[in-house]
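Everything below concerns the one structure shown next.
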Amino acid sequence: LYSGFGINLTKIFEQIQAIPQFDIKSPSSGSYFGGTKNTFIPTLSVTDADGDALTCKLYVDSESTPREIRTVTNTKTSQLVSFNTFNAATLSEGNHTLKFTVGDSRDTVQSSINIIVDKTVPITTNVSFSSTDNSIVISGKASDSLSGLDATPYRFSAGNKSTIWGTNTSAVYDALKPNTLYPVKFEAQDKVGNVAISSGNIYTKAQTPIITVKNVSENSIDLTLTDNNPSTTMYQIVSPQMPSAQWQTV
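If you read the sequence shown in my numbering, its first letter stands for residue -15, the second for the next number, and so on.
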């Protein structure tokens, strides 16, 4: 009795050891995809104690038909199995399951992982653009409820100058021309590269000119205005004698 039990137990252990083994190398369970980070290569590491040829299959969510099938040999030593590049952009936003099965002629084993697709840009808040006669200040913040904000989430632009992505929530652009229109932009990115953009246009303020009085006569006065405003800047000089003076360039 005991001898027969031992033989049967040995056979059971041999059968267990002959079952194919595999690990999911890529992607990691819980990985986020979307934005600029949509693609990955599903990869398995497989072995079989008998060295049998193994058939590897990939399923997505509740699919009953595999997306791909791979066959691998020489499995007494570990073999890497790579499927085609997978584009997560083809999936809807949210949680998805990747199921892998590996089998020989007798046994099939399976394992699944979860991935999350994020197609939503961050939500920007407190975005503002302000100016002086020679500078522009851009500020803003953002939040993201899926993959979360990137480690360097913010970028700012004014005119043809942009910052690198960083953690600062504001940027100052100085040495600008007065009374000049500049395009401005605040950007926020999440961990997969979805980017929210808040943009607009803002004028730097006109410089207050220094007024020099010259050549005063009974019925005229010559004034000199000194500033760095562009030639298209309009001025209006008002006095009790000229209450309705017109705007004009000088």
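Backbone N, C-alpha and C fix where the C-beta goes; we use that ideal spot for every residue, glycine too.
Separation of Asp158 and Thr116 (C-alpha to C-alpha, rounded to the nearest whole angstrom) is 9 angstroms. Each residue's CA atom was taken as its position, placing Asp36 and Thr59 some 6 angstroms apart.
Using a Cβ distance threshold of 8 angstroms, Leu207 and Ile195 count as a contacting pair. For Thr188, the number of other beta carbons within 10 angstroms of its own is at least 16, and it is reported as buried. DSSP places Thr208 in the strand class (E or B) of the three-state scheme. For Asn144, no pairing in a beta bridge is given by DSSP. Using a C-beta cut-off of 8 angstroms, the segment 110 to 126 makes no contact with the segment 22 to 36, since fewer than three inter-stretch Cβ pairs fall below that distance. For Asn98, the enclosing beta strand (DSSP E) begins and ends at 92 to 101.
Asn212 sits close to Pro162, with the two beta carbons spaced by under 8 angstroms.
For Ile122, the enclosing beta strand (DSSP E) begins and ends at 120 to 127.
Straight-line measurement puts the Cα of Val86 at about 20 angstroms from the Cα of His80.
Note: Ile195 is bridge-paired with Leu209 in the DSSP secondary-structure output.
With a cut-off of 8 angstroms on Cβ pairs, the segment 40 to 52 is not in contact with the segment 138 to 145, counting fewer than three such pairs. Around the beta carbon of Leu64, fewer than 16 other beta carbons sit within 10 angstroms, so the residue counts as exposed. Between Gly132 and Lys175, the beta carbon gap of about 5 angstroms places them in contact (Cβ cut-off 8 angstroms). Note that the C-beta distance between Leu82 and Ile100 is not below 8 angstroms.
Along the segment 43 to 69, the beta strand (DSSP E) occurs as fully enclosed runs of 3 or more residues at 52 to 56, 63 to 66, listed in sequence order. Taking the C-beta atoms as reference points, Thr192 is found no nearer than 8 angstroms to Thr216. Under DSSP, Ile186 forms a beta bridge with Tyr166. For Ala155, the closest C-alpha among the options Glu171, Gly143, Ile122, Gly177 is that of Ile122. Setting aside the 5 residues that flank it on each side, Asn71 is surrounded in the same chain by Asn22, Thr23, each with a C-beta closer than 6 angstroms to its C-beta; the list follows chain order.
Taking all protein chains in view, the Cβ of Thr164 is crowded by 16 or more other Cβ atoms within 10 Å, so the residue is classified as buried. Ile221 and Pro227 have their alpha carbons spaced roughly 9 angstroms apart. Thr31 and Tyr16 have their C-alpha atoms roughly 28 angstroms apart.
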